[in-house]
Structures are given as structure tokens and as C-alpha cells.
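Q: Numbered by mature numbering (1 follows the signal peptide of the UniProt record, and there is no 0), the letters in the sequence shown go through residues -43 to -1, 1 to 226 in order. Once you've had a glance at the structure underneath, I'll fire off some questions.
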Amino acid sequence: MSTQCTLSKSRFNKTAAGLGRILRPFTSLLLAGSLAFAGTVQAQTYKVGTTTSGMPFTFLDLGSEEIQGFVPDLMQALADEQGFTYELVPSRFDSLIPAIGTGKVQIIAAPMYITEEREKVVDFTQPIYTYGEGLLQQADDTTDYRSLDDLKGKVVGLETGTTFIEILRKRGDIKDIKTYGSSVDLMRDVALGRADVGLWDAPILAFQLQKNPNAKLKMAPDYRAQMAGSIGFSVKDGDTELLKKLNDGLDALKQDGRLDALLKKWTLE
């Protein structure tokens, strides 16, 4: 009895070992497939619509041909924090919301004000940064611009797609409104006298003038922003999962100081 039992165990062990050798490759394949699937889920890639028209938020570095600035840095920090990858899609400002509606992009990461009108078609994250517009004039222009009332009879340059276009049109006292795809183009036309003044995001104008001290332009010293607002990133209306991912990431960046560090890096304190 003892001998038979021992032989049975021996045969069982040999059989099990043989099966193990046969099944091992299949087990490895299954494990590799599971890990690959998990990696795919964790590293989901989003297309992110952004602009290249305004330092220090976003701009195209001609040397590297890469989009740089506060917004791309923040997008990278969010991706690192939340474990996803992304591809920046350079776009005109006025094409960003249509692009998210058609599915061309899943995220808008740009200096875009959070407004009730825009919230009808996209869902914004929590506010990221708050600022107002600045008014640009020629350096030797002695006009004391203080508010929009002082723009009566003037040719005003604005960013394409900005909410100020409709605001100034409704006033009915502006001589002409010119729109521009970049702050550089706006600054050029104000310097050349093609536009009397320009309205653009104050941080962008200040940064551009700091980088170009010989531009023969200045920001109107007594002008007070008429429409301060907060910018946020946005997703398609109803995409609660992606919105939560971005908001959770922003919470983490605010709590540990990484957001403040990025604002400081790009002179947005």
C-alpha cells in the first residue's frame, strides 16, 4: 500500500510538471496581454486644442517648433498627476469650441474665460487663473484711456473670437473693429497706426512688452479692466469623467504648490 501510494504521488508530480511546461507559454501570453491592456487603459491619450498666439500662456518656440508656455506646462503637470498622455492640437482661438463639439479634440487648454455663454456647450474646470484685459497704445499717444467709453470713434484691435467683439459692437460708437489671430499681429498694427488701440489679455501684453522694450508701445497706465474673469480648461458638455480627472489634478497641483510654481515661472503671480 505504501509503495503504491508513493508511485501515485510520483506520477502525479511528473504529470503536473509536464502540464506546467505545456501551459507556461500560454500563461505568459495571457499575463502579457492583461498587462498590455491595463497599460492601454492607464495611458489614455487625449487630443488637446490650444492656441499659439499669446505669451506667456501659449506660444510657438521657433527654435524647437514646440508649443511652450504656462498652459502646456500645466497640461503636462496634469497628465503626470493623473496618468494620461496627450497631443497638443494648435488651433485658432475661435475654432476651439467647434473642435470639441465635432470630436477633433477632447480638451481645450487655452487662456479662455469661463462665461455663461460658453458653458452652454462645454464644461469648464475649476478656475485656474483670474485677470482682466489691458489696453495697448502707441508710446507717444497722450490719450488718457480709462474705460471703454474712451474708445468712441477709435479703430480697435481685438483677438479673433474674444467676447469683447460683441461688447464693442453693441456700443455702436466704435469707428472700426479689427480682429487678429495673434498678439504679435495686433501689436504690429497698433505700432503702425492701423489700429488706434488694442485690447488683449493684460498678462500677454505685459509679457510681450517686457520682451520687446523697443516696440514703441505701452499699456494705458490708467485703464481699468472692464471684464476681469477666470480662465479654465474645458471638455465636451457632459463628459463628467474627464472633467473630474482634470479637476482632481488641479486640486493636487494647488495643494502641493506646483500650480503656484508654474505661475511664478511664467510671471503670472
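Glycine residues also receive a C-beta, built at the ideal position from the N, C-alpha and C atoms. As the structure is a computational prediction, the values presented were derived from the model and not from experiment.
Taking 8 Å as the cut-off, does the stretch 102 to 110 touch the stretch 138 to 145 (at least 3 CB pairs, one atom from each stretch)?
A: no
Q: Could you compute how far the alpha carbon of I161 sits from the alpha carbon of F14?
A: 7 Å
Q: Take I24 and list the residues in its own chain whose beta-carbon comes closer than 8 Å to its own, dropping the five residues that flank it on each side.
A: Closer than 8 Å at the Cβ level, and outside the excluded window around I24, lie T7, T9, T15, F16, L17, D18, L45 and P47.
Q: Checking 8 Å against the spacing of the C-beta atoms, do L210 and L216 come in under that value?
A: yes
Q: How far does the alpha helix (DSSP H) with G33 in it reach, from first residue to last?
A: With the sequence shown as reference, residue 33 is identified as Gln, and Gly is not the correct amino acid for it. Counting along the chain, the alpha helix (DSSP H) containing Q33 begins and ends at F27 to Q39.
Q: Using beta-carbon positions only, say whether K174 and L108 come within less than 8 Å of one another.
A: The amino acid occupying residue 174 in the given sequence is Leu; Lys does not appear at that position. No, the Cβ-Cβ distance between L174 and L108 is not below 8 Å.
Q: Would you check if there are 3 or more beta carbon pairs closer than 8 Å linking the stretch 115 to 127 to the stretch 49 to 59?
A: yes
Q: Candidates A96, K201 and I188: which alpha carbon is nearest P178's?
A: A96
Q: Name the two residues that bound the continuous beta strand (DSSP E) containing F14.
A: Counting along the chain, F14 falls outside any beta strand (DSSP E), and DSSP gives it neither H nor E.
Q: From D205 to T42, what does the alpha carbon distance come to, in whole angstroms?
A: 16 Å
Q: Would DSSP call Q165 helix, strand or coil?
A: helix
Q: Which residues in the same chain have their Cβ closer than 8 Å to the Cβ of L207, if we skip the five residues on either side of it in sequence?
A: L35, T82, Q83, I85 and L216
Q: Buried or exposed, going by whether 16 or more other CB atoms sit within 10 Å of the CB of E74?
A: exposed
Q: I'd like the list of long-range same chain contacts for A182, defined as Cβ closer than 7 Å, with 5 residues on each side in sequence excluded.
A: Closer than 7 Å at the Cβ level, and outside the excluded window around A182, lie G89, E90 and A159.
Q: Scan the stretch 117 to 175 and note each continuous beta strand (DSSP E) run of 3 residues or more that stays entirely inside, going in chain order.
A: Counting only runs of 3 or more residues that sit fully inside the stretch 117 to 175, the beta strand (DSSP E) segments are 133 to 137 and 154 to 158, in chain order.
Q: Tell me, to the nearest whole angstrom, how far the beta carbon of F190 is from that of A66; I am working on the premise that it is less than 8 Å.
A: 5 Å
Q: Nearest to L200 by CA position, among T59, D153, S21 and Q63, is which residue?
A: Q63
Q: When DSSP labels each residue in this structure, what does S(-10) get in the three-state scheme?
A: Note that S(-10) has pLDDT 48, beneath the 50 cutoff, so the model's placement of it is unreliable and the number below is only indicative. Three-state DSSP puts S(-10) in a helix.
Q: Alpha carbon to alpha carbon, how far is G20 from G110?
A: Cα to Cα, G20 sits roughly 41 Å from G110.
Q: To the nearest angstrom, report how far apart Y3 and L220 are at their CA atoms.
A: 24 Å
Q: Just to confirm the assignment, what range does the alpha helix (DSSP H) spanning I57 have?
A: L53 to T59
Q: Sort Q39, M12, G26 and E76 by Cα distance to K193 and report the nearest one.
A: Ranking the options by Cα distance to K193, first place goes to E76.
Q: The alpha helix (DSSP H) that contains residue 268, what's its start and end?
A: The structure shown does not extend to residue 268, since the chain is modelled only from -43 to 226, so the question has no answer here.
Q: Which same chain residues end up closer than 7 Å to K132 when comparing Cβ atoms and leaving out the 5 residues on each side of it in sequence?
A: Around K132: G110, K111 and V112.
Q: Using only the alpha-carbon positions, how far apart do K135 and D213 sit?
A: 43 Å
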